[in-house]
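**Student:** Numbered per my numbering, the sequence shown finishes at 166, counting up by one with no gaps.
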Amino acid sequence: SKYDSFIDPDCVKLIRGELWGLVFMLVGMWILVPAVFESEKWQISYFNINISLYYLYPVLIGFFCILYLINNVLKFYRYTVLSFNFKDDSIVLNICWFISINIKEFEVVADEYRIRHWNGFRKEYFHCIGLKTNKKVYLIPVVDNKKDELVQLLLNRDKVSFNCSG
Numbered sequence: 001s002k003y004d005s006f007i008d009p010d011c012v013k014l015i016r017g018e019l020w021g022l023v024f025m026l027v028g029m030w031i032l033v034p035a036v037f038e039s040e041k042w043q044i045s046y047f048n049i050n051i052s053l054y055y056l057y058p059v060l061i062g063f064f065c066i067l068y069l070i071n072n073v074l075k076f077y078r079y080t081v082l083s084f085n086f087k088d089d090s091i092v093l094n095i096c097w098f099i100s101i102n103i104k105e106f107e108v109v110a111d112e113y114r115i116r117h118w119n120g121f122r123k124e125y126f127h128c129i130g131l132k133t134n135k136k137v138y139l140i141p142v143v144d145n146k147k148d149e150l151v152q153l154l155l156n157r158d159k160v161s162f163n164c165s166g
């Protein structure tokens, strides 16, 4: 959309990478889980079930990685807006390329929210603009030098939609 220049491309890249990582881990688990029960390398028998310790270790690590990635997607990214458009008197938020939400009334929160991520061995943050509706806050990861411009755009659109509806 024409408002994509406001969205931080590094945050979009991070989320896209974690979703592809989740797909990769699920495919890898689909391939490796049968090997745990079919391989004869380092095999033990437990309750008449043959388990290969050689393949059990990568399967367990993959399982915990999948849980971590699913936790990130559900906890942090389910309210992260990756593109938005204005339509009539509302704003359409596109979340993780799968969900589109149409919001008519919202409150802009500028300096309260950010998305945390690990860059190597240190924590870094993406600064966000929050759109507060009812009890949910949708986060728009914004490029630092365009933060004020996005706030003005959202406030002007909010006033226009408020005047149109009331």
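Ideal Cβ positions, reconstructed from N, Cα and C, are used throughout, including at glycine.
Values in this document were obtained by computation on a predicted structure and should not be read as measured data.
1) Three or more C-beta pairs under 8 Å: does that hold for the segment 138-149 against the segment 81-99?
2) Please classify V36: is it buried, with 16 or more other beta-carbons within 10 angstroms of its beta-carbon, or exposed?
3) Taking the alpha carbon of D8 as the point to measure from, which residue in K147, L26, W42 and W30 has its own alpha carbon closest?
4) If V109 sits next to N102, beta carbons under 8 Å apart, how far is it from one beta carbon to the other, in whole angstroms?
5) Considering only residues of the segment 26-110, which uninterrupted alpha helix (DSSP H) runs meet the minimum length of 4 residues and lie entirely inside it, listed in chain order?
6) Verify whether the separation of the beta carbon atoms of M25 and I66 is less than 8 Å.
7) Restricting to Cα atoms, I'd like to know which of Y46, E18, K87 and F63 is closest to V73.
8) If we count the other Cβ atoms within 10 Å of its Cβ and call it buried at 16 or more, is Y46 buried or exposed?
9) Residue range of the beta strand (DSSP E) that E112 falls in?
10) Check the DSSP bridge columns for K136 and list the partner residues they point to.
11) Work out the CA separation of Q152 and D4 for me, nearest whole Å.
12) Of the residues I115, F86 and L56, which one's Cα is nearest the Cα of K2?
**Tutor:** With the given structure in hand:
1) In this structure the segment 138-149 lies against the segment 81-99, because at least three pairs of beta carbons, one per stretch, are closer than 8 Å.
2) Along the sequence shown, read from residue 1 onward, the residue named residue 36 stands at position 36. Buried, since its Cβ has 16 or more Cβ neighbours within 10 Å.
3) To locate residue 8, count along the sequence shown from 1; it is residue 8. When each option's Cα is compared against that of D8, the closest is K147.
4) Residue mapping note: residue 109 aligns to position 109 of the sequence shown, counting from 1. Residue mapping note: residue 102 aligns to position 102 of the sequence shown, counting from 1. In fact, because the Cβ distance is near 20 Å, the residues do not count as touching under 8 Å.
5) Listed in chain order, they are 53-75.
6) As a working note, residue 25 is residue 25 in the sequence shown. As a working note, residue 66 is residue 66 in the sequence shown. M25 places its beta carbon less than 8 Å from that of I66.
7) By 1-based counting over the sequence shown, the position of residue 73 is 73. Answer by Cα proximity: E18.
8) Counting from 1 along the sequence shown, the entry for residue 46 is found at position 46. Within 10 angstroms of the beta-carbon of Y46 lie fewer than 16 other beta-carbons, which makes it exposed.
9) Working through the sequence shown from its first residue, we reach residue 112 at position 112. No beta strand (DSSP E) holds E112; DSSP gives it neither H nor E.
10) Translated into positions along the sequence shown, residue 136 becomes position 136. Partner(s): T133.
11) In the sequence shown, the residue the question calls residue 4 occupies position 4. In the sequence shown, the residue the question calls residue 152 occupies position 152. The straight-line gap from Cα to Cα measures roughly 16 Å.
12) Residue numbering aside, residue 2 sits at position 2 when the sequence shown is read from its first letter. Closest option to K2, judged by alpha-carbon separation, among I115, F86 and L56: F86.
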